[in-house]
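Count along the sequence shown from 1, add 174, and you get the number used in this note's numbering.
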Amino acid sequence: MTRETRVAYGETLAKLVKENQNIVVLDADLSKSTKSFETKKVAPERHFNAGIAESNMMGMAAGLAASGKTVFASTFAVFATGRPFEIIRNSICYPKLNVKICATHAGLSVGEDGASHQAIEDVAIMRAIPNMQVFSPCDYNETKAVIEHVAKIDGPCYVRMGRGKVEDLYEDGTEFDVTKIRVLSEGHDVCLFATGLMVQEAMKAKEELLKDNIDVTVVDVTCLKPIDETGVKEIAKRHALCFALEEHSVIGGLFSALADVLIKEPCTRLIPIGVNDIFGESGKAKDVLEKYGISKDNIVKTVKEYIK
Numbered sequence: 175m176t177r178e179t180r181v182a183y184g185e186t187l188a189k190l191v192k193e194n195q196n197i198v199v200l201d202a203d204l205s206k207s208t209k210s211f212e213t214k215k216v217a218p219e220r221h222f223n224a225g226i227a228e229s230n231m232m233g234m235a236a237g238l239a240a241s242g243k244t245v246f247a248s249t250f251a252v253f254a255t256g257r258p259f260e261i262i263r264n265s266i267c268y269p270k271l272n273v274k275i276c277a278t279h280a281g282l283s284v285g286e287d288g289a290s291h292q293a294i295e296d297v298a299i300m301r302a303i304p305n306m307q308v309f310s311p312c313d314y315n316e317t318k319a320v321i322e323h324v325a326k327i328d329g330p331c332y333v334r335m336g337r338g339k340v341e342d343l344y345e346d347g348t349e350f351d352v353t354k355i356r357v358l359s360e361g362h363d364v365c366l367f368a369t370g371l372m373v374q375e376a377m378k379a380k381e382e383l384l385k386d387n388i389d390v391t392v393v394d395v396t397c398l399k400p401i402d403e404t405g406v407k408e409i410a411k412r413h414a415l416c417f418a419l420e421e422h423s424v425i426g427g428l429f430s431a432l433a434d435v436l437i438k439e440p441c442t443r444l445i446p447i448g449v450n451d452i453f454g455e456s457g458k459a460k461d462v463l464e465k466y467g468i469s470k471d472n473i474v475k476t477v478k479e480y481i482k
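Structure, rendered in structure tokens:
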């Protein structure tokens, strides 16, 4: 089955809003796209449209959280992290307020919307702010688990979601600890650390590499900050060659998070597979991912090059 992570967000948030009278939802005039409009159906008095004014929305979120509310604020990733950065830094993260920034339409897979809407720096921006936790779920069920998790914890969180449908990797009812890495497939030759929709690409690449007797470990990294250092080190010790797969710039995202950990592990070599310090462009999501080298075929090609 293929489903959108943003749909999981809307459905799960609506359920939480119904259960918890303390949750307030904000959106920047994109609630039908982010799916936060689902909460308006169950609690219209706690859903507010801030308009096309993302900085103002984050200020509203800070004020509501300072008054004791748990606040979910949504818009597209490029607008959620870029335009209101200073408000997020000084008004939400500095006082460590209970605001959950849940951004959709992240990465190159926004497709035809082009470079202006393709957030490939958002994880780097959010990881750099003290007190901010960062999550990047890969499918429908994992997104549900992440939203439920961030609703329970106190403090700022950033959740990164996509636009299009992605294949389900986890069955309904799967139990998650979204703060830990998750080994989806155990191999012995190389390791593919992946996050977001790149987890699906990693699993496809694994099947192709098996045809050439290359056995691959695939690891789902849902929480990018704080990253599961213990889990990462344990996996890395078993693989001399690891790759970091992300639909994000190779600067400041998953590769950087892993490198911060693995630089202390000299026996492990880490190779980035992501967006190489370049803006995206308009095109169908599948075509853009292929052109920028982060689809299954390029993962297979890159792995083979490094294990020759």
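Idealized CB from N, CA, C, for every residue including glycine.
Since the structure is predicted, the reported quantities are computational estimates derived from the model, not experimental observations.
Terminal residues of the beta strand (DSSP E) in which residue i lies
i	result
Val393	390-394
Leu419	415-423
Ile447	443-449
Ser359	356-359
Beta-carbon proximity check, residue i vs residue j, cutoff 8 Å
i	j	result
Val352	Ala319	yes
Asn305	Gly329	yes
Ile167	Asp451	Outside the displayed range of the chain (175 to 482) lies residue 167, so it cannot be described from this structure.
Ala431	Leu398	yes
Ser456	Ile294	no
Lys206	Ala188	no
Val435	Glu403	yes
Ser119	Arg334	Here the chain comprises residues numbered 175 to 482, so residue 119 is not present and cannot be evaluated.
Span separating the alpha-carbon of residue i from that of residue j
i	j	result
Asp201	Lys470	34 Å
Val245	His291	24 Å
Glu260	Tyr268	10 Å
Glu464	Lys458	10 Å
Arg177	Cys312	11 Å
Ile262	Tyr332	11 Å
Gly361	Gly405	16 Å
Glu408	Met234	42 Å
Cys416	Glu193	42 Å
Enclosing alpha helix (DSSP H) for residue i [first to last residue]
i	result
Tyr268	It is not in any alpha helix (DSSP H) - Tyr268 carries neither H nor E in the DSSP assignment.
Ser229	228-240
Phe429	428-436
Gly405	403-411
Thr476	470-480
Paired residues, beta bridge with residue i - DSSP
i	result
Ala217	In DSSP, Ala217 forms no bridge with anything.
Lys206	Answer is none; Lys206 lacks a bridge partner.
Asp201	Asn223, Ser248
Arg177	Val340
Cys312	None; Cys312 has no bridge partner.
Ile275	Ala247, Tyr332
Phe259	Paired residues: none, contrary to the question.
Phe367	Val393, Ala418
Gln307	Cys331
Integer-rounded CB distance, given that residue j should sit under 8 Å from residue i
i	j	result
Ala224	Ser265	Actually they do not touch by this definition, with Cβ atoms about 14 Å apart.
Met372	Leu419	4 Å
Ala298	Gly427	6 Å
Tyr466	Leu238	About 38 Å; that fails the 8 Å criterion.
Tyr344	Glu381	Not really, about 18 Å apart at Cβ, beyond 8 Å.
Ala247	Val284	Their Cβ separation, rounded to whole angstroms, is 19 Å, which puts Ala247 and Val284 out of contact at 8 Å.
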